Structure formats: C-alpha cells, structure tokens
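Enquirer: If you're matching them up, the sequences are chains A and B in order. Numbering follows the numbering used here, in which position 45 of the first sequence is assigned residue number 45; successive positions increment by one, without gaps. Numbering follows the numbering used here, in which position 63 of the second sequence is assigned residue number 1063; successive positions increment by one, without gaps.
Protein chains: 2
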Amino acid sequence: MGHSRIEKSESHDRILDVAVAQFKTRGFNGIGLAELMERAGLTHGGFYKHFASRDALVVESVSHAFAQDRVIFSRVDKVAGDRLAAHIDQYLSTAHRDEMARGCSMVALGAEISRSGDDVKNVYEEYFQLRRDWLAKELGGPKVQAERHALTIMSAMLGALSIARAIPDPAQSGAILETARKEVKALARQLRGELRAE
Amino acid sequence: MGHSRIEKSESHDRILDVAVAQFKTRGFNGIGLAELMERAGLTHGGFYKHFASRDALVVESVSHAFAQDRVIFSRVDKVAGDRLAAHIDQYLSTAHRDEMARGCSMVALGAEISRSGDDVKNVYEEYFQLRRDWLAKELGGPKVQAERHALTIMSAMLGALSIARAIPDPAQSGAILETARKEVKALARQLRGELRAE
DNA sequence: ATTATCTATAGATCTATAGATAATGC
DNA sequence: ATTATCTATAGATCTATAGATAATGC
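1. Taking the C-alpha atoms as reference points, what is the distance between Arg54(A) and Ile1006(B)?
2. So is Arg1026(B) in contact with chain A if we call contact Cβ pairs under 8 Å?
3. Would you say Gly1045(B) touches the ligand NAD, meaning its beta carbon is less than 7 Å from a heavy atom?
4. So, do the segment 1141-1151 of chain B and the segment 1083-1097 of chain B have three or more beta carbon pairs nearer to each other than 8 Å?
5. Whose Cβ in chain A lies nearer than 8 Å to the Cβ of Ile1176(B)?
6. Taking Arg1014(B) as the reference, which of Phe1047(B), Gln1190(B), Arg1026(B) has the closest Cα?
7. Could you pull out every residue in the same chain whose Cβ sits closer than 6 Å to the Cβ of Val123(A), ignoring the five residues on either side in sequence?
8. Could you tell me the boundaries of the alpha helix (DSSP H) in which Ala1065(B) lies?
9. In three-state DSSP terms, what is Ser102(A)?
10. Would you mind giving the Cβ-Cβ distance between Arg1083(B) and Asp1077(B), rounded to the nearest angstrom? I have them listed as a contact below 8 Å.
11. Where does Leu199(A) fall in DSSP's three states?
12. Using C-beta distances below 7 Å, list every residue in its chain close to Thr1043(B), excluding the 5 sequence neighbours before and after it, in chain order.
13. Looking at the C-beta of Thr179(A), does it have a partner C-beta in chain B at a distance below 8 Å?
14. Please confirm if Leu33(A) has its CB atom under 8 Å from at least one CB of chain B.
15. How long is the line joining the alpha carbons of Leu1187(B) and Leu161(A), rounded to whole angstroms?
16. Of the residues that make up the segment 116-127 of chain A, which ones have a beta carbon closer than 8 Å to any beta carbon in chain B?
17. Assuming Val120(A) and Leu158(A) form a contact by the criterion Cβ under 8 Å, report the distance between their Cβ atoms to the nearest whole angstrom.
18. Quick check on Phe1023(B): does DSSP put it in helix, strand or coil?
19. Please state if the CB of Ala40(A) and the CB of Ser11(A) are separated by a distance shorter than 8 Å.
20. Run down chain B in chain order and give the residues with a C-beta less than 8 Å from the C-beta of Met154(A).
21. Return the residues of the segment 1043-1076 of chain B that lie within a Cβ-Cβ distance of less than 9 Å from chain A, sorted by chain order.
22. Which residues in chain B sit within 9 Å of Ile113(A), going by Cβ to Cβ distance?
23. For Leu1130(B), decide whether its Cβ has a neighbour in chain A, counting only Cβ atoms nearer than 8 Å.
24. Please determine, among Phe128(A), Glu126(A), His149(A), Glu125(A), the residue with the shortest C-alpha to C-alpha distance to Ala136(A).
25. Buried or exposed: where does Ser9(A) fall if 16 or more other Cβ atoms within 10 Å of its Cβ makes it buried?
26. Within 10 Å of its beta-carbon, does Ala166(A) have 16 or more other beta-carbons around it, so buried, or fewer, so exposed?
27. Identify the contact partners of Leu187(A) in chain B, using a Cβ-Cβ distance below 8 Å as the criterion.
28. Could you spell out where the alpha helix (DSSP H) holding Leu191(A) opens and where it closes?
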C-alpha cells in the first residue's frame, strides 16, 4: 500500500496514462472505473480520492492526451532536412495507423470531443492551432495564406488516417496511406512554391 | 399494440432509424436499449424479437447508416453545373457540421468503425469506394491518377469537417469551414486541370 | 493525526430472458 | 395457432460512497 504524497502523484499520473490509452482505443464509454483502476495497479475504491467524478477524469484525460501529443509532435523539430515531409511520412505511416493509443489524439478522440463540452473542446482547439501554426511556418510565405494552406494539409492528413483505420484489409489500407503520403507531400511542395512566389 | 407483419417491419425500420441517429450523435455505447426502444415508440422487452443481440443491432445500424448516406449523396448527381463544387460546398457547410445525426457516417462513425470487426469495416469500405470513384469520375482523366487525387480531396473534406465539429466557437468553426471550402475547391480545380492535361 | 489505498456495498442502469396479452392470419 | 408487443425481472456491470487499514508526516 503506497501512502506518500509522491506515490499518490505517481498513482494519479498512472491512472491518467491508462485512461488516455483506453479512451483513445475504446472510446470514453469503452471502459469502466474498476478495470481502469486495476490496469493502473489500484482498486476502484480509491478513484474518488483522485478525481471528483468520472466526468472530471475524462476532462483531465483529454488535457493529458494532448500534452502527450505535444511531446511526440515536438520531436519533428529535431529532424534534419525537410521537416514537413518527415512529419507527413510519420503521420501517414502504418505504424501510426496501428498504434491508436499513442497516436494523434485529434483523430482518436475527435468524434468524442465533438460531443463534449467547451472545456474539452478548448483543449482540442489549442492543440489544433499549435499544429496548424507549425505547418504554416514550415510552408513559409505570408501568414494568412500559409495558415489557410496549412489547414488543407492538416485536414487531408487527419482524413486519410481516419479512413485508413476503418479499412479492413491492412494491405489496402496501407496502399491508401502510401497514396496519401505521396499526394500530401506533393501538395505541400506545390503550396510552398505558391507561397514563396508571393 | 401493433401485431401485423407489416407493422413489425415498420417497427424494425423505426428502431434502425433511431439507432442510426443516436449512434451517430452519441456513439455506439451512448444509449441503452430501453431509451432506444422508447424513442422508437416501443418497450424494451420486444427488442430481441427484432435483433439477436445489441451487437447485431450495431452491425445492422452501420449498414442502415451508409444506405441513408447513399440516398443523400445520390442527390448531388441531379445538380446542374459544377457537381463537384456543389458537393464540396454542401459537405463543408455549417448545416452539415450541425446535423451529425443526418450527416456523413464516415465522419460520425469513423472512430467507432475503426474499433469494430471486419463485417462493419467492409460496409465502410464499400461506401468509401463509391465516394472515391464518384470524385475520380468528376475529376476526369486517367483512372488511376484520378482515384489518387480523389482520395486527397476526400481526406481533406472528412478531416476539415471533423476539425470543425470539435472547435468550440461556432464562428471560428465556420471560418475553418469557409477556408476549407475555398481551398478544397481550388485544389479540385487544379487537380482536374492536371488530369485533363495528361 | 493525517491520508493513500483497500474492502464492501448501495443504488442505478444495462443486456437479456420469461411469461402474459392482444392482435393477426391460416 | 401464431406472433408482435408488453410487463416483470434476473444477473451483470457501472458510478459513487462508507468505513477499515496501514502507511506517512508532523
């Protein structure tokens, strides 16, 4: 029985890690508190010493999910060469398709967030802007136009990943991702050219 | 108490209509059988004379959802003028954003379908191909390239709608849709030009 | 003394089934 | 006689709470 404040904080983080992974793979209603706490190595009784309600866990989990996304996403800045192309290749990979628990929260939780309150949606929007602004910066050129083109590229990426995950045959789904990688990279090159020309 | 075979078939369809609308707005686990049957004007006891299990209802509902999508989607062929532009304007409208129950099932149910079995995913794929092939036909040019470009346009449309639904402020969400409409139509014009040139 | 976690359980809800009721359809 | 639907309920699961237990931290 862990009892120190440090251990409680570790338990809290462990519950959030489990919740994020489970909510992303099974949806907000896809797991009960008993199984969730068991996966975090605890019993269900202690849950309410960590969260005011199940709903409070959902809200905190969405924040936690996007905080994780930020960490993963920030790695792309360390890539040498064409960061934008590297990002597209990674986002539209079969590895990303198959790892829903660690993958993009905008795709995994998008539909659930649509049904949620503004507290949850605000977290989504903040991350959306971060991503769009990064894409716009990579595209270069005048800010307003760059942001518009960034939205297009981002939408195409989210949409293609969403489609690939719902196609039954992994080979066919992989072919869709491959096509999307080529198409989106070509689109990015072309929009970048347009923006540089202005 | 309705008892004829015709009335049973009507009840069955009513249950499916309710299930599709509820699953799309609240997710597969967002509603129980009692509320569902009540919304269909029945009591919960009769459910199992219509479906072998809750799971069987989910599978049948996904088929029903995409059958409805087909009917709505087919209307675009009656549009005079630029059918592709009309389709993009309609898909990326605020009306579509706000009507999840009657809107695109690929977006509303995509994440849930990712988590489902191949029986459900096959229904999704069939509808995906129908949509992609229609887009490719509208783009014109060599089939293989047209299908690749169609995937890009379709991905951008699904992604933009998904983003717009998760943005809290309706005005900001509307601005995103407006940008996406312009961008995707411009992209369609350009890809069509490329294909015609080949 | 305080508190992080555990065991136990209340009360609501959910899926599924059993048997009754009131129509249809031969 | 058959059957579409209803009422009633069993059994599982889910959220939330109460009180016990065994550590920490003053």
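Each residue gets a CB set at the ideal place from its N, CA and C atoms; glycine is no exception. Since this is a predicted model, take the numbers as computed values, not measurements.
Expert: Reading from the atomic positions:
1. So the two alpha carbons sit approximately 44 Å from each other.
2. Answer yes: the Cβ-Cβ gap between Arg1026(B) and chain A drops below 8 Å somewhere.
3. Only the bare structure without any ligand can be found here, which leaves the ligand NAD out of the picture.
4. Remark: fewer than three beta-carbon pairs, one from each stretch, lie closer than 8 Å, so the segment 1141-1151 of chain B and the segment 1083-1097 of chain B are not flagged as touching.
5. Against chain A, a Cβ distance below 8 Å from Ile1176(B) picks out Leu151.
6. If we check each option's Cα against that of Arg1014(B), Phe1047(B) comes out closest.
7. Once the five neighbours on either side are set aside, the close Cβ partners of Val123(A) are Val62, Ser63, Phe66.
8. Unbroken alpha helix (DSSP H) run through Ala1065(B): 1054-1074.
9. According to the sequence provided, residue 102(A) is Arg. The question's Ser does not apply to it. It is coil, neither helix nor strand.
10. The C-beta distance from Arg1083(B) to Asp1077(B) rounds to 7 Å, short enough to fall under 8 Å.
11. Here chain A comprises residues numbered 1 to 198, so residue 199(A) is not present and cannot be evaluated.
12. Met1037, listed in sequence order.
13. Among the CB atoms of chain B, one or more fall inside 8 Å of the CB of Thr179(A).
14. The beta-carbon of Leu33(A) is placed no less than 8 Å from the nearest beta-carbon of chain B.
15. If you take the alpha carbons of Leu1187(B) and Leu161(A), they lie about 20 Å apart.
16. Interface annotation for the segment 116-127 of chain A against chain B: Asp118, Lys121, Asn122, Tyr124, Glu125, criterion Cβ-Cβ distance under 8 Å.
17. For Val120(A) against Leu158(A), the beta-carbon gap comes to about 18 Å, at or over 8 Å, which does not count as contact.
18. In this structure, DSSP gives Phe1023(B) a helical state, which the three-state scheme calls helix.
19. Taking a C-beta distance under 8 Å as the contact criterion, Ser11(A) and Ala40(A) qualify as a contact pair.
20. Those are Gly1159, Ile1163, listed as they occur along chain B.
21. The residues in question: there are none.
22. Those within 9 Å of Ile113(A) in chain B are Arg1165, Ala1166.
23. False, the Cβ-Cβ gap to chain A never drops below 8 Å.
24. That would be His149(A), whose Cα lies nearest to the Cα of Ala136(A).
25. Result: exposed.
26. Counting Cβ neighbours within 10 Å, Ala166(A) comes out buried, since at least 16 surround it.
27. In chain order: Thr1152, Leu1187.
28. Unbroken alpha helix (DSSP H) run through Leu191(A): 170-197.
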